[in-house]
Amino acid sequence: MSTVDYTRELSVLEGKPPLRELDDLISKPLETKPNRKFFIALSITLSMTALLVIGLGLTFYYGIGMWGNNIPVGWAWDITNFVFWIGIGHAGTLISAILFLFRQKWRTGIARFAEGMTIFAVMTAGLFPLIHVGRPWLAGYLFPYPSQNSIWVNFTSPLLWDVFAVSTYLTVSLIFWYVGLIPDLATLREKTTNKIKKIIYSVTSLGWRFSNRHWQHYEMVYLILAGFATPLVLSVHTIVSFDFAVSVIPGWHSTIFPPYFVAGAVFSGFAMVQNVLIIVRKIFNYEHIITVDTLEKMNKVMLLTGSMVGYAYAMEFFIAWYGGVEAERFTFLNRALGPYAWAYWIMVTCNVVSPQLFWIKKIRRSIKTMFVIAIFVNIGMWFERFVIIVSSLSRDFLPSSWHHYTPTYVDGMILIGSFGFFFTWILLFAKALPVVSMAEVKAVVEGSQPSHKDH
Amino acid sequence: MDDYSKLSNNKLWKSLKEFHNEDDVLKMKHDEFLDGVTDEFDSSKLSGISRRKFFALLSASAALTATACTNYRDKGEIIPYNKRPEEILPGAANYYASTCNGCSLSCGILIKTREGRPIKVEGNPDHPVSRGKICAKGQASILDLYDPERLKAPYFNGKETSWKNVDSTVINILNETQKNGKQIAIVTDTIVSPTAKKVLDDFTAKYQNTKIYSYSLVNDFIRRQAWSECYGTDEYPAVKFDDANIILTLDADFLGNEGNYIENMRKYVSKREVVDKLNFNRLYAAEGRMSSTGMMADYRLKVAPSQQLNFVLGIIYELNKINPHLQLDKSISARLKKFSLLDSADGEKFKHLIKDLNDNRGKSIIYAGDSLSKDVHLAVNYLNEVLGNTILYDYKSSFKNIVKHSTKEEITSLINSMNQGKVGIIIHYESNPVYTMPKDFGYESALKNVKTVISLTVSENESSAYANYTLPTNHSFEAWGDAYAREGFYSLQQPVISPIFNSRQKESVLLSWISANPNSYQEDIYHQYLMKSFNSDVFVKANSLADAKTFWYSALHDGIVRKNGTRQITRFNNIVLNNIKEIIPGNNFIVHLTESYFVGDGRFANNGWLQELPHPVSKITWDNYASISPITAKQLNVQMNDFIEVSLDGRKLVLPALIQPGVHERTINIELGYGRTKAGEVGKNVGFNSVELMTKNWVYSPFLFENASIRKSEGSHKLVSTQEHHSLDDTFVKDFHYSRKIIQEGTLEKYIKEPNFLNEEKENLVSITNEIKYTGHKWAMAIDLNKCTGCSACISSCNVENNIAVVGKEQVERGREMQWIRIDRYYSGQPDNPIVSNQPMLCQHCDNAPCENVCPVNATNHSPDGLNQMVYNRCVGTRYCSNNCPYKVRRFNFFNHRDHFADAYYDNDLTSLMYNPEVTVRSRGVMEKCTFCVQKIMEARSNAIRDGKELKGSDVVTACQQACPTNAITFGDANDPASQIAKLRKHNLSYHVLEELNVKPNVTYIAKLRNTHSEEK
């Protein structure tokens, strides 16, 4: 093997495609009519979404009793799904904001898509706090609005912090995503011949004329927004983890939760982005834009965050033993050996063991294996939330109130439906907007930036 | 220029045409109105609607639209009293003294009514026996009044008919039957009412072919028989358990459901006192099943019910050995022998028992269960004689026997007559013999040979299914009555609501038939009869200075009239000892049938509240089962819920098994009262009918059968409990209640030595936040675990007081029961004979309540007087509060349970009348929990304000506290230093559950002391 020349920046893209070709390639899905495959895919995701609609219909009509939740397991798949989807939503902003600040150019190929996924994942996640309440028609009570009863929300409740954290995150992500889209929308405006599209692109591109001044402002806004979004990446899942950490229940009451949850969120988010991008690059022929190098870098992030999560699992056990609180010790033993041990070991296998395979370069660069491992990670991360929520609640302090949790078919419908909801948005997004940032990709084509070497 | 000139003409122009002054524009400007506008109109061409009519139509349609849009639902009308009845004050409850009809104990009750409708039953404090307490069944019996499936009209062969028709035809049939010389049979349940007995006597006098049969499924027939043989009377005395230092029960659940258990509990706990004085008895329970009494016992000895005779003889033998001065009858000393138990694991306990009995002669009592054989009762009566324990018999309060229970021979002859066609009429007088009689009597098939079957019943049952006439009777809250259950007092029952349906008092029905005139019925016919009878039997004998009317009203007000109990003490008849038949117990399984704790003999089967009350020991709801020991289960390779087949001489029953720690290896305990096939939507097909196992040809007793064989059967049936069954020997989850300090206990001896033993390890917890100071009242509760027997009266009372929903079996299985208070049961020790600890658990109203800070909408918060409040209107149902509750006492409305349970069975206009108007009926999606009966606090507060007094903690009595038969629950103001609650909170034995969480609960538990010997660990 030849030694890598570290003095030279590696090209993000493979080959040296002409800029015009990039524009055409990226905007191609937008300019062609949806084909049969697209409709098949859409019908599948819409059918899944229909399950969500039916499941929610049953829930709203009859009550939360349609789910498996009980006393003591007041939260189960509902909040598991919530935390899972919020976690998925963490990769996008991390890629677009944090990696941007760190000048990681490899992010350009995947940033747009990851951001889109963030928004859709947060939208999916946002469903759950609303639907998990017993009286969803009163969910407005969760917002601080002046009412004649002078009843205010309870600012000590982590659930309220969630409301703020998630809605802020969604807003900022949406703005960030939109700002990034503006130059591309202008490109599309220039390209399209369709009158209606032209009007839409003209309006949405906000009069972008690719002028130098525009670019200067754009870069500044993008930088500021990146700076603004960066703490959110950390804060949202920190606050979600407070839902558990602030409580008194053994298995929840733990100070390790914030970093552990953030790491887990990035972990699962990257896995999901990687999964979906592998499909996207194949279908849209973006192999040279979303390169194996990029995917490998994502796998490295997964390896890092997966190890952090594994460390957290171990540390939880250590602290449970070291802390000497009998109830907490039991909770952790019960996780590993009790009635939900199967879920625990699925979680450990998927989250701790499987990403360790990424130490091997071959696996890291093999599309097939990395795809499977990322699927495992997603399964494992769902189970992580399930284990934390259900196994802790089902056996807490008083053995007299212990009760097993079994999900119902409605729980299943809502889980499947949430995937349907998410992927419906993804499909529509892939057909309606450029899934790769044209402007940014063009900027990283070899030779597009002024360089003293070539002169 | 030209343009400019034009411009001056038209300074303003609207179009180029106008600007250029084109012709048509000029024309339009000229004609101010368009063509036709200014023409004269022809009125004949116009619409014929007049202006008035137009306005009328306009306003009518506007009104119609407005009405259609209002979403108007007829919510009924609320009309204030035009002329207020004298005794009713809207918003204030009235209490009427009456007598409970739930069983033959006839406890005194106070029925609470609001605006004329009964909403709660409480004990009558003036009642000399029950003293203001009633059991869980009595509390919940109010639901039967509002049962939507009550019979609403008389039926003749399934068709609705009128009472007048019924009366005239029945009177004809009665006369005809009388003429034909055929028998008129009245089958009744146990009768405690002397006046009802009089009515029956009158009936017999009128129709002389009448015979009365009294039969009840669960009875004390054998005890009475034995007593009668020993002492010449079947009216056995009450036992002064409160004077006994040593109590030995032989398969007698005297704290659960045998004898007058309300009275027994009160007397028993009077020697379980730790607060004011230290006063302890010692309870030994020798039993084969695991009963409520067994849970409470200081020493529990495992003795199979068939071995009880040998056990008693063994005790006499051992006593005789250590105390040769005992004067034993020859016939008994001849057959004494060592009891094998001495060599078993319980040998040590047996030795203690013998020593205690010997040391406490005259201060101990041996009490045999109703289901044991007569021989055991004879031997026990003798043993009590020998030990001089007869001074604990209270003859002044002996159990009356107004209508004797029919013997096997009487019932057999009735059935023979029925089969031979000699019975013309059968009247089921509020009884259900088709269900309650052993099947080998053949009652059910014999009924087909009776021409006229009449069922007088509140709601349909198995027997009324065969009836030609199904006649609705009044619920006891709609009926007059009296009771003479115990020597020493007489109690009255009065209606508190007029009959809701077209039903009649059962005595009135008979009275109108006695009169032989179908038009003679008057609504107060029995009322008058009762008053007359009262005058002659009670008033005359009372030698009262008051006149008859005043006396009657004062008796009605009090609910009882005291009488001087006659004290008849007869000598023990030694000859009976010769009758004791020794049966050498085999090694087969013994089936022991016992009454259900909550559905009784099946009469409460259609009562959802009672079906859903967890069994005091197993915590199973909505089912009965075969309770077998872990060893037996292992031998048979049976798991929990597996079907097993129990067969007894060809009688078979397949039912699920419950592995019950503590059950004797050869005993199978099954509860009676389940498996009703015709008991309404709620009660039908709940559990398994163990009457199938009964026979008329019993050897030991009607409830005890030897030579049972059991085998594993196909399939299983999910038994549903409110508490998971953790394997006792599973070290993974064993003894958590001790290690987590949920249950703290000690022995009496240890407490005497080190009164502060509980607090030695107590840590000083520091709060890092500023504690809220409660300066005014601070509500708190204390529960004395020495006194809690797990009887569940508190749960039942709370259900009624706080409008708790019934959720049904599937929802209990899912862990969604709604009861606000539960009784946790923990086992420790060995699975074959565990030590049991009970603990009522309810909202702890923590000062630092973890539920409060996590509610995002402030729906649960703290009141200035220390209550953890739930604001239902504000609750959106995140369930976060419940997740964060360390005690898991919050209950969530996963459904609108009233709508969801049994096809909205309890969601109807009738059942809604039962709700306590002071307590919100919670809808779905709302969290709820114990409120410390805040409505009662508010009531006491407004009373105090009205009277200008200071509100005292003792003014408030919570529903659970009111119901607790042992007064284990104390409630009050913790900030009042003189109050009992303040004292209890500072007591040496007081502790909080999960103290180390520093949530500062306001429910204090008083640790249980076990009165065992120090050698025992």
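Here the protein sequences line up with chains L and P, keeping their order.
Per the working numbering, the very first residue in the first sequence carries number 1; after that it's consecutive.
Per the working numbering, the very first residue in the second sequence carries number 456; after that it's consecutive.
Quick reminder that beta carbons are idealized off the backbone N, C-alpha and C, glycines included.
Do residue j and residue i have their beta-carbon atoms positioned less than 7 Å apart in this structure?
i: P:I646; j: P:A971; result: no
i: P:Y1281; j: P:P1116; result: no
i: P:Y1129; j: P:V1141; result: yes
i: L:F143; j: L:D78; result: no
i: P:N674; j: P:H930; result: no
i: P:T1467; j: P:T1202; result: yes
i: L:I290; j: L:G109; result: yes
i: P:I777; j: P:C590; result: no
i: P:H1068; j: P:F1053; result: Here the sequence assigns Leu to residue 1068 of chain P, which means His is not the residue at that position. It is a contact, given that the beta carbons lie within the stated cut-off.
Quick one: what's residue i bridged to in DSSP?
i: P:D1428; result: P:W1234
i: P:H1047; result: P:N1124, P:L1159
i: P:K567; result: P:Y550, P:K575
i: P:Q1294; result: P:D1279
i: P:E742; result: P:K757
CB-CB under 8 Å to residue i, same chain, minus the five flanking residues each way: which ones, in chain order?
i: P:P1341; result: P1305, L1449, L1452, V1454
How big is the Cα-Cα spacing for residue i and residue j?
i: P:A1081; j: P:P1111; result: 6 Å
i: P:A517; j: P:V1376; result: 38 Å
i: P:V730; j: P:L1439; result: 7 Å
i: P:R1195; j: P:T688; result: 54 Å
i: P:A693; j: P:I597; result: 28 Å
i: L:K195; j: L:T204; result: 14 Å
i: L:P258; j: L:M308; result: 12 Å
i: L:K442; j: L:F284; result: 17 Å
i: P:E631; j: P:Q638; result: 11 Å
i: L:E440; j: L:L13; result: 12 Å
i: L:N35; j: L:F317; result: 52 Å
i: L:S167; j: P:R605; result: 55 Å
i: P:H1034; j: P:D830; result: The amino acid at residue 1034 of chain P is misidentified as His; the sequence shows Asn. The straight-line gap from Cα to Cα measures roughly 8 Å.
i: P:D622; j: P:I909; result: 12 Å
Tell me which residues share the same chain as residue i and place their Cβ nearer than 7 Å to its Cβ, disregarding the 5 neighbours each side in the sequence.
i: P:N1351; result: S1378, R1379
i: P:E495; result: none
i: P:W935; result: Q948, Q949, P950, Q960, Y981, H982, L985
i: L:A336; result: Y344
i: L:A271; result: M302, A374, V377, N378
Could you spell out the range, first to last residue, of the alpha helix (DSSP H) harbouring residue i?
i: L:L415; result: 409–432
i: P:D599; result: 597–600
i: P:I1250; result: 1248–1256
i: P:N630; result: 618–635
Among residues of its own chain, excluding the 5 on either side of residue i, which ones have a beta-carbon nearer than 6 Å to its beta-carbon?
i: P:S725; result: D697
i: P:V1458; result: M1236, Q1299
i: P:N734; result: K726, E728
i: P:W618; result: P609
What residue range does the beta strand (DSSP E) around residue i cover?
i: L:D184; result: From DSSP, L:D184 is part of no beta strand (DSSP E) but of the alpha helix (DSSP H) over 158–191.
i: P:N1316; result: 1315–1317
i: P:E1100; result: 1097–1103
i: P:Q1324; result: 1323–1325
Please list the residues of the stretch 311–329 of chain L that have a C-beta atom closer than 9 Å to any C-beta atom in chain B, keeping them in chain order. This model lacks chain B altogether, as its protein chains are L and P.
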